[in-house]
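Working notes for the structure below.
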Amino acid sequence: MRQEPFVVPGKLVVPYRYFVGRLASKALIALRDDKKVMGVRCPTCNLTYMPPRSTCGRCFSKLEELVEVGDKGTVLTYTVVYHKEPVHPMEPPFVYGLIKLDGADTALPHFIGEVEPEKVSIGMKVQAVFKDKREGNILDIKYFKPQ
Amino acid sequence: MAERVAIVGVGQTYHRSRRPDVNQVELMNEAVRAALDDAQLTLRDIDAVVMGNMELFEGNYLVDMWASDGIGSYLKPGMKITTGGTTGATVSCAAFNHAASGLFDVVLAVAFEKQDEGDTTAGLNSVSDPLWRRWIATGAMGAFARVGRDYIRRTGCKEEHAAMLRVKADKGACRNPYAHLKLNLTIEDVMNSRMLMWPMRLLHMCPTSVGAAALVVASEKRAKQITKKPVWVKDWVTVHEESATTWSMVRPGETSLEKASRLIYQRNGITKPAEEIDVAEIYEPSIWGELAWYEQYHFCEPGEGWRWAEKGVTDMEGEFPVNPSGGVVATNPIGATAMIRIVEAALQVRGDAGEHQVSRPVRTAFTTAWGGSNWTVATLLTKSL
Amino acid sequence: MTEKPSEEFLVMPIPLELPFQWAAGPYLGRFFRELRDNARLLANKCPQCGRLLFPPRQVCAQCHVKVGEDWVELSDKGVVEDFTVVVEPMSDPSTGERRTLPYPTATIRLEEGVSLIHYLEETDSAKIREGLKVQAVFKPREKRKGEMRDILYFRIVEGP
Ligand SMILES: [Zn+2]
Ligand SMILES: [Zn+2]
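In order, the protein sequence lines correspond to chains A, B and C.
To convert, note that position 75 of the first sequence is 273 in our numbering; the numbers rise steadily by one, no gaps.
To convert, note that position 29 of the second sequence is 141 in our numbering; the numbers rise steadily by one, no gaps.
To convert, note that position 103 of the third sequence is 243 in our numbering; the numbers rise steadily by one, no gaps.
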């Protein structure tokens with residue numbers, strides 16, 4: 199006699215916290231306190247990483263030189279989210295973009311706002327909009343809006 | 113026939129309970145740089161990178177995705193491994209296998225845990241079967257309280273004996289610059305520490321540490337070029353037990369600890385381990401594990417472990433030193449812990465352990481790792497081939 | 141160590157709460173169904189070595205053979221093999237909540253020789269010892285859901 203499979207709903211609940219480390223702390227404190235967007239420069243490879251990291255993957259140098267990459271950049275690519283999911287940070291439709299800040303060589307994933315999703319385009323120039331109450335994380339930038 | 117392999121560089125962090133100054137990747141990076149420095153190599157010499165941690169202690173389930181910059185795996189082959197308490201040893205074995213296969217000459221292995229980022233007991237309970245055991249799981253404390261209780265009942269051991277081994281561990285840790293807990297303990301301190309679950313007291317249990325370890329492993333030909341003091345990895349073995357519904361390590365019958373050590377002794381012609389091995393670095397998350405497991409590793413006769421504690425057999429200056437580093441009970445960055453056994457054993461073989469170098473000459477070292485109740489990794493390191 | 145206490149290090153709280161649907165499979169599923177519907181404990185028997193598998197499962201790990209449908213009903217009585225009293229606060233990963241303390245847990249060997257870990261009704265550790273005879277106390281039918289906690293606890297029925 200076949201029976202219905204016995205399936206038990208459950209969940210996994212564990213509290214975590216991530217330490218961002220010395221270098222990223224400095225960068226995010228600058229964002230929180232002074233609305234400065236910081237990357238880190240590898241002098242060997244002559245590349246500026248944003249988000250900052252403390253080792254260059256290409257040459258394994260220790261990276262310590264934080265540099266301001268500015269609050270303006272270019273949309274490298276983007277996608278529009280139309281469906282609703284509990285994990286989504288906001289009501290659809292909304293736009294995720296990869297943004298290369300002017301002073302950086304790498305792309306930062308973030309939201310694109312204050313624009314109709316249909317009007318977003320690759321190569322569009324955008325500018326960071328900061329939160330008023332900043333806490334020291336990358337969401338202290340609310341989103342990027344067209345320049 | 114596999115290539116012979118050697119450890120040519122070791123590194124570890126200064127283990128602490130909190131490291132808010134580094135993120136996970138930066139923590140690993142410290143150990144990687146230390147191991148490369150020790151081997152006097154640069155990342156260019158590394159052909160593959162293997163890494164691991166117990167991801168549910170950080171809640172970051174693809175840490176290799178974040179870590180390539182910091183561990184040096186950018187555009188290099190490698191993999192991530194998670195096997196519970198044995199993670200650091202399994203990562204090491206993977207590095208040995210990589211080099212022994214002949215496919216890679218020099219392999220970097222790195223393992224870490226950042227326990228200041230999660231809730232270790234909640235994380236550990238979540239490895240239990242969700243339907244059968246998770247609701248009543250009590251992490252490692254419950255498991256080792258059972259080991260202690262069983263050992264006391266079976267052998268007539270007293271709480272003092274656990275305290276003696278704990279003081280021995282602390283003496284080692286106080287001489288080890290990298291160790292986490294350095295407490296200058298007395299027997300009374302241990303006997304008076306807070307009771308967690310009878311007979312388990314706070315000081316019988318390992319701390320929750322933050323730390324990383326790394327190894328550089330090389331094939332025979334490269335090892336001889338790289339260093340004058342290669343530590344040969346003579347053999348390594350992993351043994352699994354049946355999935356546990358209750359903790360099988362307190363039951364009669366051969367455990368993975370017994371099988372793994374018996375196998376590695378047999379394969380290497382060791383008939384009297386405590387005489388033929390010069391130093392052991394074993395995985396004992398609780399001092400009750402050390403007491404109860406001496407016999408499971410066939411070091412001594414059943415029930416003799418506590419007499420060894422009385423006689424100081426396994427002290428740093430004893431006939432058969434065990435865990436001169438201070439062991440897991442002093443330092444437990446879980447994912448890295450089993451690799452630290454290998455790092456410490458390699459330092460003993462090289463004669464480079466400094467203040468905690470054992471007094472007898474070391475030609476052969478034995479290490480173990482243990483995970484869940486279900487599996488054991490053992491390695492045998494030697495000074496000469 | 142270069143850590144300066146005056147320096148600010150940022151930390152991001154990341155609470156994790158993930159929903160799952162765990163399939164018990166035909167063997168453990170039958171066990172839970174029987175526990176829920178009839179307050180009975182089942183094991184299945186290895187056709188090769190003859191031992192009881194508890195919890196019931198598909199393969200005998202020692203013989204590497206399929207175990208099949210040779211079901212055995214177990215007694216609800218057993219003996220306390222060992223026990224411990226949990227006094228350390230720990231959070232339950234199934235709920236995220238702290239467990240109420242203290243509580244005793246025991247390994248109980250049922251009359252057929254298989255063991256499980258469960259709660260004891262008696263919470264005074266001075267009254268608990270190895271060898272005590274105990275019996276399972278089940279929740280009433282309407283409260284049973286097909287989980288190990290359908291057994292409320294084990295009650296001491298007789299000293300050794
Ligand atoms: Zn670089
Ligand atoms: Zn069988």
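All C-beta atoms, glycine included, are put in the ideal place defined by N, C-alpha and C.
In this text, all values refer to a predicted model and were calculated from it rather than measured experimentally.
Consider the Cβ of residue i: report whether some Cβ of chain B lies at a distance smaller than 7 Å.
| i | result |
| --- | --- |
| residue 166 of chain C | no |
| residue 245 of chain C | yes |
| residue 210 of chain A | yes |
| residue 253 of chain A | yes |
| residue 182 of chain A | Here chain A covers residues 199 to 345 and nothing more, so residue 182 of chain A does not appear. |
| residue 291 of chain C | no |
| residue 220 of chain A | yes |
| residue 205 of chain A | no |
| residue 296 of chain C | no |
| residue 241 of chain A | no |
Any heavy atom of ligand 1 closer than 6 Å to the beta-carbon of residue i?
| i | result |
| --- | --- |
| residue 373 of chain B | no |
| residue 246 of chain A | no |
| residue 253 of chain A | no |
| residue 154 of chain B | no |
| residue 412 of chain B | no |
| residue 286 of chain B | no |
| residue 318 of chain B | no |
| residue 205 of chain B | no |
Less than 7 Å between C-beta atoms, sequence neighbours within five positions excluded: which residues of the same chain meet that for residue i?
| i | result |
| --- | --- |
| residue 289 of chain C | none |
| residue 458 of chain B | 119, 122, 343 and 493 |
| residue 236 of chain B | 251 and 252 |
| residue 408 of chain B | 367, 369 and 370 |
Of the residues the options, which one's Cα is nearest the Cα of residue i?
| i | options | result |
| --- | --- | --- |
| residue 153 of chain C | B/382, B/230, B/154 and B/196 | B/230 |
| residue 176 of chain B | B/451, B/170 and B/191 | B/191 |
| residue 255 of chain C | C/183, C/146 and C/156 | C/183 |
| residue 386 of chain B | B/397, B/378, B/343 and B/433 | B/433 |
| residue 378 of chain B | B/398, B/410, B/391 and B/406 | B/410 |
| residue 205 of chain C | C/236, C/193 and C/295 | C/193 |
| residue 177 of chain C | C/196, C/294, C/286 and C/200 | C/286 |
| residue 285 of chain B | B/461, B/486 and B/444 | B/444 |
| residue 239 of chain C | B/249, B/181 and B/220 | B/249 |
| residue 563 of chain B | B/279, B/193, B/290 and B/139 | The structure shown does not extend to residue 563 of chain B, since chain B is modelled only from 113 through 497, so no value can be given for it. |
Cβ of residue i within 6 Å of any heavy atom in ligand 2?
| i | result |
| --- | --- |
| residue 257 of chain A | no |
| residue 202 of chain C | yes |
| residue 269 of chain B | no |
| residue 243 of chain A | no |
| residue 188 of chain C | yes |
Residues in the same chain with beta-carbon distance under 6 Å from residue i, minus the five sequence neighbours each way, listed in chain order, please.
| i | result |
| --- | --- |
| residue 73 of chain B | Outside the displayed range of chain B (113 to 497) lies residue 73 of chain B, so it cannot be described from this structure. |
| residue 313 of chain B | 305 and 307 |
| residue 239 of chain A | 246, 263 and 265 |
| residue 228 of chain B | 130 and 322 |
Establish whether the CB of residue i and some CB of chain C are separated by less than 7 Å.
| i | result |
| --- | --- |
| residue 247 of chain A | no |
| residue 261 of chain A | no |
| residue 374 of chain B | no |
| residue 393 of chain B | no |
| residue 397 of chain B | no |
| residue 156 of chain B | no |
| residue 308 of chain B | yes |
| residue 334 of chain A | yes |
| residue 247 of chain B | yes |
Please go through the same chain and pick out, in chain order, the residues whose beta-carbon is closer than 8 Å to the beta-carbon of residue i, but skip the five residues on each side of it.
| i | result |
| --- | --- |
| residue 311 of chain B | 257, 260, 261, 264, 271, 274 and 400 |
| residue 282 of chain B | 293, 294, 295, 296, 297, 438 and 442 |
| residue 274 of chain C | 217, 218, 219, 220, 246, 248, 260, 294, 295, 296 and 297 |
Using a C-beta cutoff of 7 Å, does residue i count as contacting chain A?
| i | result |
| --- | --- |
| residue 238 of chain B | yes |
| residue 169 of chain C | yes |
| residue 195 of chain C | no |
| residue 436 of chain B | no |
| residue 278 of chain C | no |
| residue 243 of chain B | yes |
| residue 183 of chain C | no |
| residue 171 of chain B | yes |
| residue 211 of chain C | no |
| residue 161 of chain C | yes |
Could you check if residue i belongs to the surroundings of ligand 3, using beta carbon to heavy atom distance under 6 Å?
| i | result |
| --- | --- |
| residue 157 of chain C | Ligands in the displayed structure: ligand 1 and ligand 2; ligand 3 is not one of them. |
Next on the checklist: Residues of the stretch 177-198 of chain B in Cβ contact with chain A at a cutoff of 7 Å, in chain order, please.
Outcome noted: Hits within the stretch, in order: 180, 181, 182, 184 and 186.
Next on the checklist: Any C-beta of chain C within less than 9 Å: which residues of the stretch 266-297 of chain A qualify?
Outcome noted: For chain C, none of the residues of the stretch 266-297 of chain A brings a beta carbon within less than 9 Å of one of its beta carbons.
Item to check | Where the stretch 224-241 of chain C meets chain A: residues whose CB sits under 9 Å from a CB there | outcome: Cβ contacts with chain A come from 231, 232, 233, 234, 235, 236 and 237.
Next on the checklist: Closer than 7 Å between beta carbons: that is the criterion. Which residues of the stretch 134-167 of chain B meet it against chain F?
Outcome noted: The chain labelled as chain F is not found among the protein chains of the depicted structure, namely A, B and C.
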